[in-house]
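>
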Amino acid sequence: MTNKPHQHENHEHSTSGQRQAANAIERACDVAVIGGSAAGLAAALQLGRQRRSVIVVDAGEPRNAPAAHMHSYLGHEGIAPSEFLEIGRNEVRSYGVEVLAGRALDVTRIGDDRFRVELAGGNTVLARRIVLATGLVDVLPDIDGVAEHWGGDVIHCPFCHGYEIRDQRIVTVVTSPVGLHSAGLFRQLTNRLTIVIHTGVDIDQPEVDVLRRAGVDVVAGPVERLVTGADGRLAAVEVTDAGLIAADAVVVATRFEVRADAVASLGVATVAHMTGLGHVVDVDATGATSVPGVWAAGNVTDPSQQVLQAAASGSWVGGTPATAATGSGAATRTAPSSQRSLRSKPGAHSILALARAATPCGSPSKDGP
Ligand SMILES: Cc1cc2nc3c(=O)[nH]c(=O)nc-3n(C[C@H](O)[C@H](O)[C@H](O)COP(=O)(O)OP(=O)(O)OC[C@H]3O[C@@H](n4cnc5c(N)ncnc54)[C@H](O)[C@@H]3O)c2cc1C
21 MTNKPHQHEN
31 HEHSTSGQRQ
41 AANAIERACD
51 VAVIGGSAAG
61 LAAALQLGRQ
71 RRSVIVVDAG
81 EPRNAPAAHM
91 HSYLGHEGIA
101 PSEFLEIGRN
111 EVRSYGVEVL
121 AGRALDVTRI
131 GDDRFRVELA
141 GGNTVLARRI
151 VLATGLVDVL
161 PDIDGVAEHW
171 GGDVIHCPFC
181 HGYEIRDQRI
191 VTVVTSPVGL
201 HSAGLFRQLT
211 NRLTIVIHTG
221 VDIDQPEVDV
231 LRRAGVDVVA
241 GPVERLVTGA
251 DGRLAAVEVT
261 DAGLIAADAV
271 VVATRFEVRA
281 DAVASLGVAT
291 VAHMTGLGHV
301 VDVDATGATS
311 VPGVWAAGNV
321 TDPSQQVLQA
331 AASGSWVGGT
341 PATAATGSGA
351 ATRTAPSSQR
361 SLRSKPGAHS
371 ILALARAATP
381 CGSPSKDGP
């Protein structure tokens, strides 16, 4: 194993057009994991236990950071996202994995079997394999008040926080056709559900009729803003033609942007997600990307994964480079995965699978109109 720091004290070299600072530190390891949340730490745990030298670089912005609690993770139900990650970091460190706070700016290939990961601040990590576990950014609907309450009284995922708002006055603001898909799930959680179809959204009328028959109020019209009460909590949704609709919680769907800039210059391929709400890093069944030696796991490959699935994805991928790094032959991509076909062929899958892919920590909408 090689995991020794050495400093460039007397010279500078250029990386990706930037000058590396004097005294910058260069580290070498078997596997550099970029992103140290559920997927990245789970990958690192596998690799560390295979006695691989691993450096995790993490910018500290997990997707669920706005939420106070994390739900639906068996064994960790209801703990704070930050506490979950602290447990994970301690676990991987116990196997010699190093977790660095920092941001990977660019990854370049050097020679046949090595990558240089350039970090913000000028330090670098040299690695034989890369695991990308950088997640994604939710792009919120451009409606006043949504960002303010995001992760609190504004949610997107019935599986993550739906139970916590059961029986309450829930208003689903539909800003894209996909935004309607979670309505049936929320109807299961409350009988006080209102759906507001934002102007310009091309909705599926039969789906709306089914919801109406199930007792859901459906309102059409531009959403002006979310109204905050004197206590700082969400109070209502203001709709141009319908006035104020009292609300304890609002559901929105988000568009998403995967955080794959760091591997862009390597040419890692992305593919459109089946919802049309963003692109994901294209991986095969092993998590291999289009670039040999680079794997990806978690939300950067699939926005519908909750934390448990992201960790499982990282755990799976962490086993792959562990194996590949020991062999002499070059790792190759396998046949397209079931994951990939789920993304590209929605019609071939069950309604539940489609609803999951469309709603959960998934996806939906920004400005549908
Ligand atoms: C508001 C909200 C609440 C949620 N609540 C729940 C819940 O209760 N239960 C649940 O199961 N799921 C929940 N989710 C979904 C959950 O956030 C994701 O499933 C999970 O975060 C995906 O894990 P990940 O490791 O793939 O990515 P992330 O957790 O997003 O982690 C990616 C990490 O990579 C880092 N990173 C990104 N780019 C770089 C870079 N260039 N260099 C270094 N590091 C980088 C980021 O800073 C971050 O730390 C919620 C999502 C949202 C939006």
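If you count the sequence shown from 1, you need to add 20 to reach our numbering.
Yeah, the Cβ is synthetic: ideal placement off N, Cα and C, and Gly gets one too.
Since this is a predicted model, take the numbers as computed values, not measurements.
#1: Just checking, does the region 175-195 make contact with the region 282-293 on the three C-beta pairs under 8 angstroms criterion?
#2: Compute the Euclidean distance between the alpha carbons of Arg149 and Ile217, then round it to the nearest angstrom.
#3: In whole angstroms, what separates the C-alpha of Ser73 from that of Asp304?
#4: So which of Val76, Asp133, His181, Asp281 has the shortest CA-CA distance to Pro86?
#5: Let me make sure I understand the geometry here. Which of Leu231, Ala59, Val112 has the alpha-carbon closest to that of Leu156?
#6: Check this for me: beta carbons of Ala269 and Gln188, under 8 angstroms apart or not?
#7: Residues in its own chain within less than 6 angstroms of Val313 by CB, not counting five upstream and five downstream?
#8: For Leu246, verify whether its CB is less than 7 angstroms away from any heavy atom of ligand 1.
#9: What is the DSSP secondary structure of Ala147, reduced to helix, strand or coil?
#10: Measure the Cβ-Cβ separation of Thr154 and Val259 and say whether it is below 8 angstroms.
#11: Contact defined as beta carbons within less than 8 angstroms: I believe Val198 pairs with Leu297. What is the distance between those atoms, to the nearest angstrom?
#12: Name the residue from Gly142, Leu160, Leu254 whose alpha carbon lies nearest to the alpha carbon of Val191.
#13: Between the region 63-81 and the region 158-166, can you find at least three pairs of beta-carbon atoms closer than 8 angstroms?
#14: Grab the span of the alpha helix (DSSP H) containing Ile45 for me, first residue to last.
#15: Mind listing, in chain order, the continuous alpha helix (DSSP H) runs of no fewer than 4 residues lying wholly within the region 80-140?
#16: Which residues does DSSP pair with Gly263 in a beta bridge?
#17: Three-state secondary structure (DSSP) at Ala153?
#18: Would you check whether ligand 1 has a heavy atom nearer than 7 angstroms to the C-beta of Cys49?
#19: When DSSP labels each residue in this structure, what does Arg245 get in the three-state scheme?
#20: Residues in its own chain within less than 7 angstroms of Arg245 by CB, not counting five upstream and five downstream?
#21: Around the Cβ of Pro161, are there at least 16 other Cβ atoms within 10 angstroms (buried) or fewer (exposed)?
#22: Counting C-beta neighbours from all protein chains within 10 Å, is the total for Gln225 16 or more, i.e. buried, or is it exposed?
#23: What residue ranges within the region 284-331 form continuous beta strand (DSSP E) runs of no fewer than 3 residues, ordered along the chain?
#24: I need the straight-line Cα distance from Val238 to Arg47, nearest angstrom please.
#25: Provide the residue span of the alpha helix (DSSP H) that contains Leu205, from first to last.
#26: Terminal residues of the continuous alpha helix (DSSP H) containing Asp392?
#27: Since Ala79 and Met90 are thought to touch, with beta carbons under 8 angstroms apart, how far apart are those beta carbons, to the nearest angstrom?
#28: Taking the alpha-carbon positions, what's the Ala140 to Ala121 distance?
#29: Would you give the residue range spanned by the alpha helix (DSSP H) that Leu166 belongs to?
#30: Here's the rule: buried if 16 or more other CB atoms are within 10 angstroms of the residue's CB, otherwise exposed. What is Arg363?
Taking the definition as stated:
#1: Under the three-pair Cβ rule at 8 angstroms, the region 175-195 does not count as touching the region 282-293.
#2: Our two residues, Arg149 and Ile217, have alpha carbons roughly 47 angstroms apart in a direct line.
#3: Each residue's alpha carbon lies about 25 angstroms from the other.
#4: Scanning Val76, Asp133, His181, Asp281 for the CA closest to the CA of Pro86 turns up His181.
#5: Taking Leu156 as reference, the option from Leu231, Ala59, Val112 with the minimal CA-CA separation is Ala59.
#6: When the beta-carbon positions are compared, Ala269 and Gln188 come within less than 8 angstroms of each other.
#7: The sequence shown places Gly at residue 313, rather than the Val named in the question. Excluding residues up to 5 positions away in sequence, Arg149 lie with their Cβ nearer than 6 angstroms to the Cβ of Gly313 in the same chain.
#8: Not so, every heavy atom of ligand 1 lies at least 7 angstroms from the Cβ.
#9: Look at Ala147 here: in three-state DSSP terms it is strand.
#10: In this structure, Thr154 keeps its C-beta atom at 8 angstroms or more from the C-beta atom of Val259.
#11: 6 angstroms between Cβ atoms; contact.
#12: With distances taken between Cα atoms, Val191 lies closest to Leu254.
#13: No, because fewer than three Cβ pairs between the region 158-166 and the region 63-81 fall closer than 8 angstroms, the two stretches do not touch.
#14: Ile45: not part of any alpha helix (DSSP H); member of the beta strand (DSSP E) spanning 45-54, first to last residue.
#15: List check, alpha helix (DSSP H) in window: 101-113.
#16: In DSSP, Gly263 forms a bridge with Val259.
#17: Look at Ala153 here: in three-state DSSP terms it is coil, with no helix or strand label.
#18: Checking every heavy atom of ligand 1 against the Cβ of Cys49, none is found closer than 7 angstroms.
#19: Strand, per DSSP.
#20: Answer for Arg245: Ile163, Asp164, Gly165, Glu258, listed in chain order.
#21: So Pro161 counts as buried.
#22: Taking every protein chain shown into account, the CB of Gln225 has fewer than 16 other CB atoms within 10 angstroms, so this residue is exposed.
#23: If we require 3 residues or more, the beta strand (DSSP E) runs fully inside the region 284-331 come out as 290-292, 299-301, 314-316.
#24: C-alpha separation (whole angstroms): 58 angstroms.
#25: 203-207 is the extent of the alpha helix (DSSP H) around Leu205.
#26: In this structure the chain extends from 21 to 389, so residue 392 is not present and cannot be described.
#27: About 19 angstroms separates the two Cβ atoms, so there is no contact after all.
#28: Roughly 10 angstroms separates the two Cα atoms.
#29: In the sequence on display, residue 166 carries Val and not Leu. Counting along the chain, Val166 sits inside the alpha helix (DSSP H) bounded by residues 166-169.
#30: Residue confidence for Arg363 is low, a pLDDT of 40 falling below 50, so the modelled location carries little weight and cannot support an answer.
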